[in-house]
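Protein chains: 2
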Amino acid sequence: MSAPVLDIADLERRLLAGERAALARAITLVESRRADHQAAARELLQRLMPRTGGAQRVGITGVPGAGKSTTIESLGCALTADGHRVAVLAVDPSSGRHGGSILGDKTRMERLSTDPNAFIRPSPSGGALGGVTRKTREAMLLCEAAGFDVVIVETVGVGQSETVVADMVDIFVALLIPGGGDELQGIKKGLIELADLLVINKADADPAKAERSARDYRNALHILTPAHPDWTPPVLTASGLTGAGLDTLWGQVQRHREVMTANGARAARRADQDARWMWAMVNDRLAEAFRAAPAVAALVSETEGAVRAGDLPASAAADRLLKAFGL
Amino acid sequence: MSAPVLDIADLERRLLAGERAALARAITLVESRRADHQAAARELLQRLMPRTGGAQRVGITGVPGAGKSTTIESLGCALTADGHRVAVLAVDPSSGRHGGSILGDKTRMERLSTDPNAFIRPSPSGGALGGVTRKTREAMLLCEAAGFDVVIVETVGVGQSETVVADMVDIFVALLIPGGGDELQGIKKGLIELADLLVINKADADPAKAERSARDYRNALHILTPAHPDWTPPVLTASGLTGAGLDTLWGQVQRHREVMTANGARAARRADQDARWMWAMVNDRLAEAFRAAPAVAALVSETEGAVRAGDLPASAAADRLLKAFGL
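Those protein sequence lines, which keep their order, are chains A and G. If you number the first sequence the way the UniProt record's numbering does, the last residue is 327 and the count never jumps. If you number the second sequence the way the UniProt record's numbering does, the last residue is 327 and the count never jumps.
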C-alpha cells in the first residue's frame, strides 16, 4: 500500500481555518526527513508565506530550574484569557541525545496544554542544531499562518541554542534565579549579551532577595552598551508560580514592540534575521558538500591534524583542501 | 625589466638569522596580492613552520584614547630591557577606509621603534577583515621564526576585530579608562566577554578613581562565568605613561601562561585557533566562489530582497541559490 498522496491545497485551507490537526500535520511535514515530505513542506510554506509574520515572537531561556515551564504556563493562560492565541515551541539541541525534550512532558503545562487557544509543540528531536533551528523557525511560520498571535520559543540554553533562538524572535527574555554576590557567578556570559529583558523568577519565595538580585543585575548591566540605543534591557522580578509580575513582564514585551516598531528596528531585525538565516543555510550546505566530496574527505583528517599539531600553516592547509575540491 | 626572482631559501636563512630587513620583506610578501608573491609566501611559511610558535602572543585592545600606544611602548621597552625581543603588529579593519593605520604613525612609539630588540609593523591596509587577519596571523608566525619571543597584537576594536585578535593570541588584554557608575556604560559588550585580563589604564591621573573603577568591574565580572574554570580575569590598575603597574600586568600574563600551560589549555587553544582558522579560510573561499558563480550572481539580489521583504521563505531561497550553483 502506498502512502496517501498529500493534498497540500487542502492542508493549507484547513491550517488557515485554524484546525489544530492540520497545524500539527504541517509541522510534522516540516520535521520529516523524507524528500517528498520536504518538497511538500517547501510548497506549503511558500503558499502560506503571505499569511505569516503576524505574531509577537518571544524567546524565553533559563537554566534548568529557572521555572521556564511554570512561567510559560502562567503567562500563556493569562494571555489566552485575554483573547490571545498562544503557540509554544522549543529548541533543545540536546533532545536528540537523550531522547527527551524540554516540552516533551506536556503534563508540565497541564492547564495550557488543554487550553483550546494554545498550541504546544515539543522540540523536534535529533539532528544538529542547524536542523532543529530550521524546523522550529518553519514551525513558527506555520503557527502564524494558523492564526496564533503570540509564539513563545523556549530554550534551555545548551551550547549555541540561545543565540539561534534570539535570532528568530522579536524579543529575548532571560529567566534568572534569585541569588546574591557570588551566587550570580553561574550565569553564562552569552545570556546577558542576548537578553532584551531579564526576569528574576521565583520572587515569591524571598521577595527581598529577588529585589537584591535585580539590583545587582541592573548594576552589572551598566557596564554593557545596550544592543540598541533605544532599549536598555529592564530587570524585573516575577513569580511564574503565583503569576505575580507577569503582567509587568508582558507590559515590557508590549513596550519593546511599540518602541522598536516606531523606530523601525523590529522590521529591520526580522529582515536581517531572515537574510542571515538564508545565508546560514547556504553556507551549511556548501560546507556539507565540500566535506562530502571524496577528494576532500580523503584529505581532511590528516590535514586538520597537521594544522592542529603546528606542522602545516592553516593557509597552506586551506589551499590544499580547496584544490582537492577544484577551487 | 622583469622583477628580480625571489630567492626563498636566502630569505629564509636571513630571516632565521634575525635580519630585520628580511623579516620586513617576508611580511611584505605575505601582504602582497600578487599571485607569485602569494605562492612564495606560502612556500616560505611552510619552510619556517617548525621555527614558529615560540612567542608569548598577547592581544591588546582598547577604545581610542585608552592609551594603547603609550602602554605598549612602556611595556615593550621594559621587556626589551629585560632581554626580550618584542614584535608589535596591528589589526585595524578601518585602516583601508581612511588610508591610515593605528600604528602608522610610528612616532607614537618613538623609543620602541628605534629599539634594536623591537619590531613594529603597522596594520596591513585594505581588504576585508578576513584578509587583514590572515596577513597579521602570518606576520606573527614570521616574527616568531625571526626570534621574537613576545608578539603583541594591537587592535582598536572596530567591528569584529577584537574577536579575530582574541582568536590569534594566548592572552587577550583590554585597556579601559577609569570611570565610575554610568561612565562605565560605554564599554562594548563583546570586550568583557573576550578579555583574559582587564587593565584600568591612566591610573596616575586619579588613583582612587581608577581603583573604584577596578572594583566596579570586578563586581560586574562576578555575574559572568569565566571562559575557563582555572582562570578568572583579573582587573588591574596601571599607567602606561609612568609605567606603574606594568610589572604586575606582565606578571599576570606570565601567571596566565603558567596556569594555562600546566592544564593544557594553552596548547588546546592554539590547536583550536589554527583549526578554526583553516576552516574559516575554506568557508570564506567557498562563499566567495558561490557568490561569484554567474548563475548565482544573477539571482542573489532579487532572492535576498524577496527574503528580506518576507515574500520568500529563507529555506526556499537557499534552495533556489544552491540549485543555481549545481548543488
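Glycine included, each C-beta is placed from N, C-alpha and C at the ideal position. Computed from a prediction, not measured in an experiment: that's the story for all the values here.
- When 7 Å is used as the limit between beta carbons, Ala275 of chain A is near these residues of chain G: Glu304, Val307, Arg308, in chain order.
- In the three-state DSSP reduction, His84 of chain G falls in the coil class, being neither helix nor strand.
- Taken atom to atom, the span from the alpha-carbon of Ser32 of chain A to that of Val132 of chain A is near 11 Å.
- The Cβ atoms of Thr237 of chain A and Ala210 of chain A lie closer than 7 Å to each other.
- Using a CB distance below 8 Å, the part of the stretch 290-301 of chain G facing chain A consists of Phe290, ordered along the chain.
- Taking 3 residues as the shortest admissible run, the stretch 232-281 of chain G contains the following complete beta strand (DSSP E) segments, listed from N- to C-terminal end: 235-237.
- Between the C-alpha atoms of Thr71 of chain A and Ser239 of chain G there is a straight-line separation of about 49 Å.
- Beta-bridge annotation (DSSP): Leu197 of chain A is paired with A:Val173.
- Neighbourhood of Met278 of chain G in chain A, by CB distance below 7 Å: Glu304, Val307, Ala314, Ala317, Ala318, in chain order.
- For Gln160 of chain G, no alpha helix (DSSP H) encloses it, and the DSSP letter there is neither H nor E.
- Distances from the CA of Asn283 of chain A to each of G:Val259, G:Lys202, G:Leu321 were compared; the closest alpha carbon is that of G:Leu321.
- In the DSSP assignment, Thr136 of chain A falls outside any beta strand (DSSP E) and within the unbroken alpha helix (DSSP H) covering 129-145.
- For Leu45 of chain A, the closest C-alpha among the options A:Ala297, A:Pro122, A:Met140 is that of A:Met140.
- Closest by C-alpha distance to Gly65 of chain G, out of G:Pro178, G:Asp149, G:Asn219, is G:Pro178.
- Rounded to the nearest angstrom, the gap between the Cα atoms of Leu312 of chain G and Gly53 of chain A is 12 Å.
- Annotation: Gly54 of chain G has no Cβ neighbours in chain A at a cutoff of 7 Å; minimum Cβ distance is about 11 Å.
- Bounds of the beta strand (DSSP E) holding Arg57 of chain A are 56-61.
- Taking 8 Å as the upper bound for CB-CB distance, Glu12 of chain A and Arg47 of chain A are in contact here, some 5 Å apart.
- Within its own chain, the residues whose Cβ lies closer than 6 Å to the Cβ of Ala214 of chain A, once the five positions on either side in sequence are excluded, are Ile200, Val235, Thr237, listed in chain order.
- The C-beta of Arg215 of chain G comes no closer than 7 Å to any C-beta of chain A.
- Three or more Cβ pairs closer than 8 Å define a contact, and the stretch 112-126 of chain A meets that threshold against the stretch 83-94 of chain A.
- Under the 10 Å beta carbon count, Ser161 of chain A is surrounded by 16 or more other beta carbons and is classified as buried.
- Inclusion of Val307 of chain G and Ala298 of chain A in the CB contact set at 7 Å is not warranted, their separation being larger than that value.
- Between His228 of chain A and Ala265 of chain A, the C-beta gap is smaller than 7 Å, which places the two residues in contact.
- The residues Ala203, Leu236, Thr237, Ala238, Ser239, in chain order, have a CB closer than 7 Å to that of Gly245 of chain G in the same chain once the five nearest residues on each side in sequence are set aside.
- When the Cα atoms are used, Ala55 of chain G and Ala208 of chain A turn out to be separated by approximately 51 Å.
- Contact residues of the stretch 135-162 of chain G toward chain A are Arg137, Glu138, Leu141 (C-beta to C-beta distance below 8 Å).
- Following the DSSP letters along the chain, one finds Ala318 of chain G inside the alpha helix (DSSP H) bounded by residues 314-325.
- Under the criterion of beta carbons closer than 8 Å, Gly62 of chain A and Leu176 of chain A qualify as touching, at roughly 7 Å.
- Ala203 of chain G: not part of any alpha helix (DSSP H); DSSP gives it neither H nor E.
- Taking 7 Å as the threshold, the shortest C-beta distance from Met260 of chain A to chain G does not fall below it.
- Phe148 of chain A carries a coil assignment under DSSP once its states are collapsed to helix, strand and coil.
- Interface annotation, Ala220 of chain G: in contact with chain A, CB-CB separation under 7 Å.
- From the listed residues G:Ser69, G:Gly310, G:Arg25, G:Ala324, the smallest Cα separation to Ala292 of chain G is found for G:Ala324.
- With distances taken between CA atoms, Thr155 of chain G lies nearest to G:Leu191 out of G:Leu191, G:Leu142, G:Phe148.
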